[in-house]
Each structure stands twice: as C-alpha cells, then as structure tokens.
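So the protein lines, in turn, are chains A, B, C and D. First residue of the first sequence? That's 1 in my numbering, and the numbers climb one at a time after it. First residue of the second sequence? That's 1001 in my numbering, and the numbers climb one at a time after it. First residue of the third sequence? That's 2001 in my numbering, and the numbers climb one at a time after it. First residue of the fourth sequence? That's 3001 in my numbering, and the numbers climb one at a time after it. To start, the structure itself, in structure tokens.
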Amino acid sequence: MRRLTYAQAIREAHAQLLRTDTRVFVCGQGVWNPWYAGKSLLDLDKEFGRRRVLDCPVSENATTGAAIGAAIVGMRPIVFHARMDFMLLAMDPIVNQAANWSYLFAGQVQAPIVIRCVINRGGEQGAQHSQALHGLFAHVPGLKVVMPSTPYDAKGLLIAAVRDGNPVMYIDDRWLYDDTGDVPEEMYEVSIGKAAVRRHGKDVTVATTSFLAAEAMKAVETLAALGVDVELIDFRSVKPWDRDLLFSSVGKTGRLVVADAAWQSGGFAAEIAATVTGELFHALKAPILRVCLPDAPAPTSAVLERAYYIGAGDIVAAVQKILH
Amino acid sequence: MRRLTYAQAIREAHAQLLRTDTRVFVCGQGVWNPWYAGKSLLDLDKEFGRRRVLDCPVSENATTGAAIGAAIVGMRPIVFHARMDFMLLAMDPIVNQAANWSYLFAGQVQAPIVIRCVINRGGEQGAQHSQALHGLFAHVPGLKVVMPSTPYDAKGLLIAAVRDGNPVMYIDDRWLYDDTGDVPEEMYEVSIGKAAVRRHGKDVTVATTSFLAAEAMKAVETLAALGVDVELIDFRSVKPWDRDLLFSSVGKTGRLVVADAAWQSGGFAAEIAATVTGELFHALKAPILRVCLPDAPAPTSAVLERAYYIGAGDIVAAVQKILH
Amino acid sequence: MSKNTSWSVDLLTGLYRAMLLIRFTEERIAALIEGGEIKTPCHLCIGQEAVAAGVCAALNQEDSIWGGHRSHGHYLAKGGNPHALMAEIFGKATGCSKGRGGSMHLVAPEIGLYGTVPLVGATIPLAVGAGLASTLRGDGHVAVAFFGDGATEEGHFHESMNFAALYRLPVLFVCENNFYSTHMALADRRPQDNIAQAADLYGISGKRIDGNDAVVVHEAALEAAARARAGQGPTLLECRTYRWRGHVGPAWDLDVGGQRRRELEEWLPQDPIPRLRWRIAEAGGHLDELERMEEDVRAEIDAAVRFARESPSPDPGELLHRVCIPRN
Amino acid sequence: MSKNTSWSVDLLTGLYRAMLLIRFTEERIAALIEGGEIKTPCHLCIGQEAVAAGVCAALNQEDSIWGGHRSHGHYLAKGGNPHALMAEIFGKATGCSKGRGGSMHLVAPEIGLYGTVPLVGATIPLAVGAGLASTLRGDGHVAVAFFGDGATEEGHFHESMNFAALYRLPVLFVCENNFYSTHMALADRRPQDNIAQAADLYGISGKRIDGNDAVVVHEAALEAAARARAGQGPTLLECRTYRWRGHVGPAWDLDVGGQRRRELEEWLPQDPIPRLRWRIAEAGGHLDELERMEEDVRAEIDAAVRFARESPSPDPGELLHRVCIPRN
Ligand SMILES: Cc1ncc(C[n+]2csc(CCOP(=O)(O)OP(=O)(O)O)c2C)c(N)n1
Ligand SMILES: Cc1ncc(C[n+]2csc(CCOP(=O)(O)OP(=O)(O)O)c2C)c(N)n1
Ligand SMILES: [Mg+2]
Ligand SMILES: [Mg+2]
C-alpha cells in the first residue's frame, strides 16, 4: 500500500474533506505557513483558497468561538491550534459552549466542530510550549477526544471527527509527523472510541496514548526477549475510550500498565486505572501501574528534558515491576 | 466555642488577613455586594476601603492576571470568582502563568496568589452555572487546591492559603454557606494537604470532598444502624491530598469508596482510586468505588436536578455494594 | 429621533405588539417568581423591550440571533413560541430546551435563535461564526449578537469585533447599554461612557442610539443589516436603555446605591411602549386597536402559562441523553 | 524626531551601549544557533533595539518590566547580567532561570524583570498587577509591559488597558509594532494600522512613535513614566519598528511573501544604531569612544559565551524541585 507520513496523512484528510464537503473549512493561526503545522496543512490555502483555509489573528477565543458558531449553524469547521498551550485562552468556547451545546438544548442544535490541536514539545521549548492537556478535556462531558498514533489513524480519525456531529478534540503530536505508514488513498474512517490491539499477548496488558504506542512497541520487543508476552493496546480515542477491548484484554492478562505522556495526577491514565479497579477488580493479579510524566512543568535544558520525558525504558520497568 | 456559619468563617478569615497583612487585598467581580458572595465578603469594602477590596470589570483574564502580577511583585492577593464556570476565561493566567511561575524561574520568583472560586449549583441554574471543576486544576502541577467542608476549615484553610507562598485554588461551595460550626476567634491555619478523620471505623473507608462530607456523615449513620462501621475521611485538600492518612485508613479497612460531586471521568476521585490501586493493591479486599456526578452537564429542571446530584443515599449504596 | 417619518402603521403596530408581548410576559414571569412557581433564575428585560423589537423586525427568519442571560425579549421578538418559552422557564419537557436550559438557555432554531447562554459575552464570537458561515455560503444571512454593556469588558468582545471587521462579516453587534453589570454601574467599570467608539478602532460603522425608541433602533438595524448583506461588514449599535427590575428576579434593586432611585425616576418616563404609542397615533393608527391588542397578548400569555403548568416534567430516565448525539 | 535637543552625551552613549549590547548579543546568538550550540528557540530582536534601550533608560531599578518571547533586549536594557542570559540560553545551571526557562523565560528580579513568557500578551495583565501593587503600596514604581503588535489582538490586551485606565495605574503599555505576527502581516490580522488609537477608547495617553529612534522612544517613555508616577495613569506607546531576522531563529524569513524583501530594503537603512551614532556626533560626542565601546561590548559577550560554555548543566536530580516552594 501507499506509504505516507503522519503529517501527509493529516493533510490528505483535510484536502479530501475540503474537496468533498462544502461545509468544511479550516481556520486558526498558522494555517498558511508550515512553521507551526509542519507539512500537515501544506499549501491547502493554495488549493482551496484563503477563504476556506483561513489564517487568523492572534485571538484564540474569538477564532474558536467563531468556528463553533459556524458549526452550530451547519458548517463543519476544523479550528487549528498550533499548540495546546495556546488553547487555554479558548476554554470558555470549548468547555462552556461547544461541550454543552447539544445537552443544553436537548439535541435540537449541535456544535459539530473539530478542534485540532498539536502537542509540540521537547527541543528546549519549556513549560508553556510543551503541554499535553488531553486529560483536562477528557474530564468534560460533551467533548470527544482522539489522539492518533499512526498515519492510518491520523487520517481516519480526522475524517471520523468531522463527520461525527459532536465536538471532537483532535490532538496530534509533532513527534510523530515524520513517522510513515500505510495509508489508503480513498476516504475512510477510524471509529471514534475504538482502540487497536497492536500486539496480542497473554502476560500483561500495556495500554498507551499517542506517541507512546511506538515506544511501547520497542518495550514489547525488549520484554519479549525476556520471555514476557505483552498485549499492546493503543487507545487512539481517550474519550470515549474502548472499555470492551481493554476489559477483555485485562480480563485475560490480569495485569495492566497504562502509559500516557501527560502529568500523572488526575490524568487520563488515572481514569483507566480507576475504572478497571472499580469494575474488573477480581480479574486483577497485580497493581495497575501508570507510566506518566512527573507532576512538574516541562523544563528547557536538554539535560532536564531527558530526565523529564518517558519512553520504552519506563514501560519496561513498569511491566517488570508488576510481574515480580 | 463560638459558632459561625461557613460564610461568616470565610469572611472572618478575609478580615483578619486584611487587618494583619498589608500585602493582602481582595479583587474580583461581586465583592461589594452579597449577590454572588453571600455573606462571605459582607461589607469588607466598608471596613477596609474599596482600594483593598476591589470590585472589578467583567474581565476575568485581566483581573486574575493582575492579581497574579501583584503577587509576583510581593503582594498576597485573593482574587474572587463568583462561579468556577467564569474562571474558564482565566485559564491562561492560572494554568500557564501562576502554576508555572515558580518552576520556570527555579523558585527565584513566586506567584503567591489565592484564587478563590465558588461552586454554586442547583436551583435550576443549569450547565454553565453549576460546574465543579477542581479536577481540572488538580491535574496541573504548581497549583494547590483546597475544598473546605466546615466553617473551621473554611477559615483555617484560607489563612493557610494566603500564607502558603504558592498559587492556591480555594474552592468553596454555596451549599455550605449556612452550615454552622465551632470557629476560634484567633487566626489559625489548617494545613494544606492534611485530611481529617471525621469518624473512625474499621469496615470501610469513605473519603469525600466538600459538601459530601456532611452527606457522608448521614450515610455513616444509616450504615452504622445496619452494622457497618465506616471510617470517614474528609480530604479538605485535593492537591496535594493526604496520602498518609488515606493509606493508613485503607490499609486497615481494605475497602474504599471515594465520593466527589464532580464528573466521574478523569476527576479527582479517579486519581485517588488509581493511586490506591497502584500502591496499596495488596491491602484491597474489594473494588474501589467512586460516587460522582454522571458524565453530563447539569440540567435545569428540578426534576432532572434531583436525578443528577448525589448524596447520602448514593454513598450508602456504594458501601453496601463493596461489602457484599 | 428617527429621520424617516414615513413608517407604516403596520410596521409600528408590529413593533408595538412585540414590545407588549415582551413586557407582559416579563411581568407575568415576575409574578410567577414571587408566587414561587418559577425557580430558574430570570433576568427580566422590562424597560429594554425596544431593542429586541426594533432589531428583530429588521431581520428575516433565516437571520440568526444570539443572546445571553437576559434574552426572553430576543426570543419573543424574533418570533419564538411563547408557550415553549414559558414551559422552559417552568422546567417542563415541552419547553423550548425541553427543560434542560431554563431561562438562561433558550433556543428556537426554526426562527434563527441558535442559543442563549449566561456566560457574559460568550455568544458574541458564536454570532461572528454564524456571519462567517453566511459569507462562506454566500447565503445573504445576517447574524446578530445581543449583549450588555458589561460584555464589552470581556476581551472576546474585542477579538470578535476585530475578526468580524477584518473579514467584513455580516454581523450586527447589538449592545444594550443599561448602565449596569449586576450591581456595578458603568462608571465603576470603564473609564469612559463610550461603548460605540469601539467601532472606530476596527474601522466599522458604530452608532450610539436611543435604545428606548423602537423606531430609532429599527431604523439603525435596518441600515446595518443592509450594509451587512451588501458585504460592507459589521456594525456596532450601542442602544442606550435602562433595566427597570433587578439584575436577577423581580425586585427593583434599590440596594445598589443611592443613584438607583434617581435613575429610575429619570428612565421610567422614557418607557418605550407609550413612546411608540404616541408615534402610532401620529402615523394615523387607532389607539383602540392597541387596546384590543393588549387583551390578545394577555390572553396569549395566559394560554402559555396554562400550557406550561399542564405540561409534563422531563423524564429523569432521559437525564443522560444527548450529551453527545449518535452518529446518523 | 525628538523635540528636546539637549540630551547629554552621557545619556546618548548609554542608550548606544545598550543597543550595541543587544545587537551584538543577538548576532552572537544567531551564530551560535547556526553553529548548533544553542537549541532553545530564540526570537531575535535585531532591528528593534531602540525600544528596549529607550524605555529602560527611563526607568529606575525598582520599576518592573515584563516581556514575551522576544525579550533578550528587554533583559539586557534593564541591566540583566549578560552572563546569566547566555548561560540560560545554553541551558546551564548558572542561567538566569537556572536552565529551566531558556530564551523565552528570562528573569532577573534584582533589576525588576519579574519574568518573560511566550504566551502572546500573557504578561500584559501581570504588568497591570504590578502597577496595582505599586498603587496600593504607594511606592511610586512603574510597571512596563513589552509586547508585540500581535498581542493587541488578544482580548486580554483590551481587558488590561481598561483595568489600568479605570484605576489609573502606573503602567506603560509598550507595543513594539514590527508589522508581523509570525508569518502574518499586520494587514492580514487587523482592519486598520492603528494600534495607538486603542488608548482613546480607554481615555488614556497614547502615542505612535518612531521605534527606531532611541531618543524619541526614550523621551516618550520618560514622559509616560512621569505621568504614571504622578498618578495620571497608564500610557500606550506604539513603537513602529521592524524585525530584521525571522520570527524565530537566525534566518531572514524571506518565505513569508514578496513584500518581505521590499520591507527589508526600506527598514535596514533605518537601523537605530547608526541613527543614534549620528545624534551623538551632533551632541559633541566622540565617535572613537564609540568604537572602543564596541570592543568592550564584544569582549563582554565573549566572556558571557565562555561563561555559558564552561558552566555546568542543571542537576537532573533537581528536576522536581520548586514546582511548589516549601513554606518558610
Ligand atoms: C463570564 C461571566 N462573568 C461574569 C458573570 C456574572 N454576570 C452575570 S450577568 C452579569 C452582568 C452583565 O452585565 P451586562 O453585560 O451589562 O448585561 P445586563 O445584565 O445588564 O443585561 C454578570 C457580570 C457571568 N455570567 N459570566
Ligand atoms: C497565546 C498565544 N497564541 C499564539 C502564539 C504563537 N505565537 C508565538 S510568537 C507569535 C507572534 C506574536 O506577534 P507579536 O506579538 O507581534 O510579536 P513579535 O513576534 O512580532 O515580536 C505568535 C502568534 C503564542 N505563543 N501564544
Ligand atoms: Mg448591563
Ligand atoms: Mg510583531
């Protein structure tokens, strides 16, 4: 099959959506220039015009709110935030407005908006240019949250998000932009709320979000060499997340490590651990461990960044810990 | 001892802080009028002047940011938000700025700000005037979060928060304003991060936040009549929360119900359940259950509100479930 | 004072009827709150009716309007069903928001009201988005944001003005300046009494008008809507008016300070309803028809209250429905 | 052109030295990025030095300044230690933020710099708060917010202006209008080129000035600071200038559009450094002293780079320190 990078897959989803659905438009800061979006929006403005691909003033609240308003009257906008950190200025439109709109009015009106935002960290950028805030949004009823980890999912989840009819936070990660994978040319969807089993195994379940799927795959290989047979689940959607798949896996293995590169306290991994311990307690053979960022902002100095971020080694260590 | 209402206790803490520390001032919307703050700020402007007790324009971002800036240069402001919902407009100053300030600059400068906000729900106010968003803030490193449930704690935690030197979210609940309790006249602190055992017991630990402490007390009585001996813990602080106390209680009872009147998914109760299951797994005799709000916005109609909110009955049911 | 003196009696009586409907509805709601039958917090717009009536009469059904916490008047003036309004305020399943929203969350998409919410100024960017949608679709619809003087202190008011001005979107920013945000007088919140001037900063049309004269408001709104439809961009209308009742509920809020009584004395005689009656007479309308109209309107409101009382409550079994909608 | 022609040679050479220090530091940083030694994203202010120099020379040590992503110049002009700046950019433990902040998070409380952060406009309300603190304490200090033209599109810019104007706080809003926000030209983001006009809306003093003339900037800042200290409230200064290098990093950003090359051709001759040299000569200063100064400054920067290179990295064992400070 044809191989694309993660960024190309995102771009292709945009292009196909713009081409096939006149309700779709893209707005936000940085959509005319690759500085922020990398190749994920490359030249869309040239292809579809600067009205449907609109680079906006430095006004996160109004831009997001305008996209939401357009959605409410029937458009299917994708509003772009080059970093999640900037989106904190748009919490009122996202959390108070978009998330509530359907419920408030008993489903008579909707806000079918896709809020696309990028986790863009590392490279000595520091605390305000590194945040992975999906945990905040996963707490809010009315929002769906997806985090693709492969080019295939990046394309399919964006298409599904735009067609979903509810507000969807589509969160991609700059660390993945150059990863390549098989991507069909035609439009297709990856169902929101469905996880993927990346490897079948019987000893322990490792469940991940975003770029940690690839790190976990490395961990799996290390562990396999040590005779540990890991079942690897990539959530893809963090709200709603795939209970059936996770429960059946943990029901089999009895052991769970959740890896999520966000702050540990009150993050997405906590919800997984809490739900499993509440509903699948008797299947558990060992403590559920979380592999997350420490409860600290991101530092800049590369030396500190190395100590701060997590990867395959941390997953291996956690698995070994609950096996022994 | 002298009895005060919860609102009076908050007011007294403000008055004593204003009286004894020239660095303290109060700002925010609704501080000159009891409409929003009830009696919790009553006539402070008359007593301390309208410069130190400043009712502000409808500008949550700038008001919160200004309070944070004043804190950074050495003041000890208390910025007031009449509802947590409005505070979503101030997420950038709170989450990006105040929370990070100490870490970013390696502790050379601080933002010793108290961000006081009220959970004000029920009464058919609906989705945007009801939110309990402490879970969002408890996810963010650099913020402390307290939620007093008694007049004693309301006073002592506010004083501790102002003196703490770090950004503290002080979250009170309108449903508690008329509750009365013993409150010493002198200034005193309740340590941030310390929970309180409201009742000793041996069969099951029930741990609560905010107004659910009182609901849990009713539940305890019902359960006692059924022969169940509950240990009741009131967190008071949700970040940091009291690991030692909770762990020693659960170590004894082996059973835990966490009651927190916020959305269940990814809320504070999830963090508790996840931590206990991760670190105290072998002491657990039963699943940890969460008693939380459903994952839906608050409706208005009283009929729906009754179905939405949780109380003593839900706690009783959860305890019975993990005992049988 | 309106420049154009040739308004038809039909138009004027239409405005009059809209104002009466709002006034009598609000007064009835006030009584029902006092009687304990209504619990949801209600922000009454008595005294401000001319703005809603004047603006909405300048709009087509497909033009959208967006409101805030004080939006009963906007709902009614745009043509929202009074039965569904009353039922919503009673928290009934037949309410316009099916009992989910209460007074502060009204909706009537069939007549272009896409939602009202109490976060101050929150629908301003949404209205801008509706204008953006119209521009992209080329459908000629106009979007109207109704908001108060307090909302102009929110940063997103400015962001929205800049955004709409930059892309010349068909948006009417209608500020009902009633000189208060809750208990806080304008002078305690702004260095100058100059809301309309914000338009200059964004190079758009801006006007300060008499918000208690329905005809003046209507004329300004017609002109603004025409400009918007012609691609000439947004307009900011500062409609100066006064809220008679308290910020929330039926009381008179005399506790906000000594100036309140003086202001009421000044503003009550500016009642937009008698002012319009006078104009109708001048235009050759029959005042006895207006009296018949009063009775009609009262009867309609009686029916709405009856409907609301008799309607069923929402089903708690549906509490969790429509947090998200299913994929269709 | 400055009204006052009687500036002392001392003052002028002080401004000159500040600009040189900034220029040479930035150029050195550009080279070090190209050489791969610096990794933290750096937003260079080459071409804009006159604003930082002119404003900071009008301030006392206790006056506070607040900056953004492009703040090396503000740090240096206020008197921040160049060694600690360079070490911070190198990510070293001896950096002004001890390796926690990098180029975008600078601090030097000892000289009144309480922090710079890259969230656009985020320190504007913080500066207002510092002004509020000064008013409450009656200490006569002034607070300065440095920000770009892009920041004026953020709602909190307006909220902050209103807040500071309302309470007449001693705040200088210093906008460095370099006509770009990243790749976006001003005209793509605002309907009008009129940032200074925002002052009118809030009834405060506002000026559009030549941001490439350090003396003009200095004069305006002195006047604004005097007004602020006298309780006459805030001032908005729109300093028109141009950023030579790219939005981030050392490149020239010729890819943002055809106008970029034209603009550079127009602005490079407006270089604030030779413009000030000419003034110094006019005031009777000696140009050979300026040349000696260049050497001094280069030597200082060499020393700073050496210091940064030789400094230790932060201790990963301290990664989690000071998220919160302990109670003392
Ligand atoms: C974002 C936000 N901040 C504060 C409030 C509290 N509040 C409710 S109504 C109101 C008054 C707003 O005044 P204005 O916009 O003039 O409208 P009016 O009530 O006069 O119609 C305020 C401040 C709110 N609902 N939302
Ligand atoms: C809140 C926020 N939105 C967007 C960005 C992305 N961003 C970084 S710098 C910048 C340009 C800002 O332009 P301006 O304020 O004019 O400053 P300049 O870079 O020209 O000095 C932008 C938009 C950001 N850092 N923060
Ligand atoms: Mg008002
Ligand atoms: Mg700029």
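Heads up, the beta-carbon is just placed ideally off N, CA and C, and yes, glycines get one too. Only a predicted model underlies this, so the values are computations on that prediction, with no experimental measurement involved.
Asked, Found
"Going by beta carbon distance, what residues of the same chain come within less than 6 Å of C/M2001, once the five residues before and after it are set aside?", "With a pLDDT of only 46 at C/M2001, under the threshold of 50, the placement of this residue in the model should not be trusted, and no figure is reported."
"Only counting runs of 3 or more residues, tell me where the beta strand (DSSP E) segments fall wholly within the region 1241-1313 of chain B, in order along the chain.", "1256-1263, 1289-1293"
"Heavy atom of ligand 4 less than 6 Å from the Cβ of D/Y3180, yes or no?", "yes"
"Any C-beta of chain D sitting closer than 7 Å to the C-beta of A/A302?", "yes"
"Using the three-state DSSP reduction, which class does C/T2094 fall into: helix, strand or coil?", "coil"
"Taking the continuous alpha helix (DSSP H) assigned at C/T2025, which residues delimit it?", "2009-2034"
"To be precise: take each residue of the region 2036-2065 of chain C, compare its Cβ to all Cβ atoms of chain B, and keep it if any distance is under 8 Å. Which residues remain?", "K2039, T2040, P2041"
"Using three-state DSSP, classify C/D2296 as helix, strand or coil.", "helix"
"Return no unless some Cβ of chain A is closer than 7 Å to the Cβ of D/L3320.", "yes"
"Look at the Cβ atom of A/I78, then the Cβ atom of A/A111, and state whether they are nearer than 7 Å.", "no"
"With 9 Å as the C-beta to C-beta threshold (strictly closer), list the residues of the region 70-82 of chain A near chain C in chain order.", "A70, A71, I72, V73, G74, M75, P77"
"Going along the chain, which residues of its own chain have a beta-carbon closer than 6 Å to the beta-carbon of C/L2032, five neighbours each way excluded?", "I2038"
"Report the partner residues of D/R3261 according to the DSSP bridge assignment.", "The partner list for D/R3261 (beta bridge, DSSP) is empty, contrary to what the question assumes."
"Might you give, ordered along the chain, the residues of its own chain that have their beta carbon closer than 8 Å to the beta carbon of D/L3186, omitting 5 neighbours on each side?", "D3149, N3177, F3179, Y3180, D3193"
"Once you ignore the five residues that flank D/Y3202 on each side, which residues in its own chain have a CB closer than 6 Å to its CB?", "M3161, N3162, A3165"
"Relative to chain A, which residues along the region 2087-2110 of chain C have a C-beta separation below 7 Å, given in chain order?", "S2097, K2098, R2100, G2101, H2105, V2107, P2109"
"Does the beta carbon of C/E2153 come closer than 7 Å to any beta carbon on chain B?", "yes"
"Output, in sequence order along the chain, the residues in the region 3180-3214 of chain D whose CB is closer than 8 Å to any CB in chain B.", "none"
"What is the DSSP secondary structure of A/R3, reduced to helix, strand or coil?", "strand"
"Does DSSP put D/M3001 in a helix, in a strand, or in coil?", "Note on D/M3001: pLDDT 46, under 50, position unreliable in the model; the coordinate value appears next. The answer is coil: DSSP assigns D/M3001 none of H, G, I, E or B."
"Name the one or two DSSP bridge partners that A/F25 has.", "A/P77"
"Taking Cβ-Cβ distances shorter than 7 Å, what residues in chain A pair up with B/Y1103?", "A127, A296, P297"
"Mind reading off the beta-carbon distance from C/R2017 to C/V2297? Whole number of angstroms is fine, and I expect it under 8 Å.", "7 Å"
"Going by DSSP in three states, C/V2174 sits in which element: helix, strand or coil?", "strand"
"Return no unless some Cβ of chain A is closer than 7 Å to the Cβ of B/I1261.", "Looking at the sequence itself, residue 1261 of chain B is Ala, so the reference to Ile does not match. So, not an interface residue."
"Determine, using beta-carbon pairs with one atom in the region 125-143 of chain A and one in the region 180-198 of chain A, whether at least three such pairs fall under 8 Å.", "no"
"Could you tell me which chain D residues have their CB closer than 8 Å to the CB of C/E2159, listed as they occur along the chain?", "E3153, E3154, G3155"
"Along chain C, which residues have their Cβ under 8 Å away from the Cβ of D/N3177?", "Those within 8 Å of D/N3177 in chain C number zero; the least Cβ separation is about 15 Å."
"C/I2111 and C/K2078: beta carbons closer than 7 Å?", "yes"
"For A/Y170, which of helix, strand or coil comes out of DSSP?", "strand"
"So is B/G1165 in contact with chain D if we call contact Cβ pairs under 7 Å?", "yes"
"Relative to the C-alpha of C/L2044, which candidate in C/T2025, C/E2153, C/F2090 has its C-alpha closest?", "C/T2025"
"Identify the continuous beta strand (DSSP E) that holds D/A3143 and give its terminal residues.", "3143-3148"
"With distances taken Cα to Cα, identify the nearest neighbour of D/E3238 among D/S3205, D/W3267, D/E3294.", "D/S3205"
"Say yes only if the C-beta of D/G3148 is nearer than 6 Å to one or more non-hydrogen atoms of ligand 4, and no if none qualify.", "yes"
"In terms of alpha-carbon separation, which member of B/D1242, B/I1068, B/G1201 lies closest to B/E1231?", "B/G1201"
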